[in-house]
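To start, the structure under review is shown below, and the notes come after it.
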Amino acid sequence: MSDVSLLVNTVDAGYRGSVWIGLHNGTEYRWVWSMGSLSQYSNWNQGEPNGDGGCVRSFNGSWYDESCSTVLPVVCFNDSTGFIITETAMTWRDAQSYCRQHHTDLASISSAEQQNLISNNESSLWIGLFLDSWEWSERWNLSFRNWAEGQPSQSSGSGDCIGMSTTDSGKWAQYSCDLKHPFICHGGEFFHVNRIK
């Protein structure tokens, strides 16, 4: 059972609504991999990242930051077959969804050898690196996200704390941190639900 399903089933004992989880908007942005893997390897082109966008494309063996809404071909990763280049162009978020549905995730590149495997392509390709300011309250550096459609919102006043919906398959949405919701505490292997009255 996935962690999200476990949370939803734990909370779903008679409760319908949102519950707080430990994700909040942090004070600094950092580059993280879509797959959640950690790597010290980077291959930025000279002068990059330059603020052009919050997602990363690979071109001629180097990385460039790019607007996530740019439409490009994709490099997916599959645990059994390795890197898979998909020539169909799509936005970074659509590429992430496609790779997660059909393979494992967007490609995470952790070495020069892996970079060389995809460098012989003549066009830019989306890879799994993206700029993120969301952080877990325990300061974990995990990039798993389960956003609801249209989340996270970029509009001001949409909130810096995250609630999980028990009625939308555990999808996440932004709320003001001052709102009162039930919440989930992490207690080792067990999850506990506290209700605020």
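Residues in the sequence shown are numbered consecutively from 1, following UniProt numbering. Virtual Cβ for every residue (Gly too), placed ideally from N, Cα, C. Please read these numbers as outputs of a predicted model, since none were measured by experiment.
Excluding sequence positions up to five away, which residues of its chain have a Cβ less than 7 Å from the Cβ of residue i?
i, result
"MET90", "VAL71, VAL74, TYR98"
"GLN151", "TRP172, ALA173, GLN174"
"GLU113", "none"
"SER153", "GLN174"
"SER165", "SER18, ALA148, LYS171, ALA173"
"ARG30", "ASP132"
"PHE190", "Because the pLDDT of PHE190 is 44, which lies under 50, any placement of that residue in the model is unreliable, and the question is left without a value."
With C-beta atoms as the reference, is residue i less than 9 Å away from residue j?
i, j, result
"SER108", "MET35", "yes"
"GLY128", "ASN146", "no"
"SER67", "GLY54", "yes"
"TRP92", "SER69", "yes"
"SER62", "ASN43", "yes"
Starting from the Cα of residue i, find the closest Cα among the options and give me that residue.
i, options, result
"PHE183", "GLN114, GLY150, GLY163", "GLY163"
"ASP132", "ASN43, ASP65, TYR41, GLY61", "ASP65"
"GLN96", "GLY51, PHE130, TRP63", "PHE130"
"HIS103", "LEU179, THR81, ASN45", "THR81"
"GLN101", "CYS76, PRO152, TYR41", "CYS76"
"ILE85", "TRP126, ASP94, ASN45, GLU113", "TRP126"
"LEU117", "ASP94, PHE83, THR88, ASP52", "PHE83"
"GLN115", "GLU87, ASN45, ASP94", "ASN45"
Less than 6 Å between C-beta atoms, sequence neighbours within five positions excluded: which residues of the same chain meet that for residue i?
i, result
"SER176", "GLY159"
"SER119", "GLY61"
"LEU179", "none"
"GLU87", "PRO73"
Among residues of its own chain, excluding the 5 on either side of residue i, which ones have a beta-carbon nearer than 8 Å to its beta-carbon?
i, result
"ASP168", "ALA148"
"SER124", "ARG57, SER58, PHE59, TYR64, GLU66, LEU72, PRO73"
"ASP52", "TYR64, ASP65, GLU66, SER67"
If you count every other CB in all the chains shown that lies within 10 Å of the CB of residue i, and 16 or more means buried, which is it?
i, result
"ASP79", "exposed"
"GLN40", "exposed"
"LEU106", "buried"
"ASN194", "Note that ASN194 scores 41 on pLDDT, short of 50, meaning its location in the model is unreliable and no value can be drawn from it."
The ligand HEM heavy atoms versus the CB of residue i: any closer than 8 Å?
i, result
"GLN40", "For the ligand HEM, the structure offers nothing, since it holds no ligand at all."
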